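Sequential numbering from 59 applies to the sequence shown in our numbering.
Worksheet for the structure shown next.
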Amino acid sequence: MPPVWICPDCGRTFNRANVRHSCGTGDRAAMLANKPANLVALYEELERTAKAYGDIEIVAKDRYALFRTTRIFADVVFMKDVLRLALQLDRVVEHPLFFKTVQDPRGRVQQVAKLHDLAELRAIEPYLRQAHRYATT
59 MPPVWICPDC GRTFNRANVR HSCGTGDRAA MLANKPANLV ALYEELERTA KAYGDIEIVA
119 KDRYALFRTT RIFADVVFMK DVLRLALQLD RVVEHPLFFK TVQDPRGRVQ QVAKLHDLAE
179 LRAIEPYLRQ AHRYATT
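Structure follows, in structure tokens:
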């Protein structure tokens, strides 16, 4: 789906006109500063994996990052010893790493996992890909 609106101030694209947002995409270096090295490495692999799907934008804030096409498909939060990954999907999927599922009346699903290591990222990766695909339809 082509973008409907491009912010005249920051150039970001959205799938609806006049979307409320913070202009800019934040400061990746500031987000990663003072985080545990193992979580930074895990985040960087998550970022590389998502970027391999195609053109995405990453909005980085203090302790979280939003991965988006014209809409958010994943958000990542740095916690004390894990990355909390929330995926926006079109259906509920069963996987032991998902500890929380929320479904809205329109059928959109958010599923949340806590990632401790690369093996868990690899296990969740097919669902990250599905979330990206869903965000581009």
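We put the CB at the ideal spot given by N, CA and C, even for glycine.
This structure is a prediction, so every number in the text was calculated from the model and none was measured.
Sixteen is the threshold: since fewer than 16 other Cβ atoms of the shown chains lie within 10 Å of the Cβ of residue 99, the residue is exposed. Runs of beta strand (DSSP E) with 3 or more residues, each lying fully within the region 134-165, are found at 141-147, 156-161, listed in chain order. Residue 164 has its alpha-carbon roughly 24 Å from the corresponding atom of residue 134. Counted as a single uninterrupted DSSP element, the beta strand (DSSP E) harbouring residue 172 occupies residues 167-173. Within the DSSP secondary-structure output, residue 125 pairs in a beta bridge with 116, 132. In the DSSP annotation of this structure, the continuous segment of the alpha helix (DSSP H) that includes residue 109 starts and ends at 95-109.
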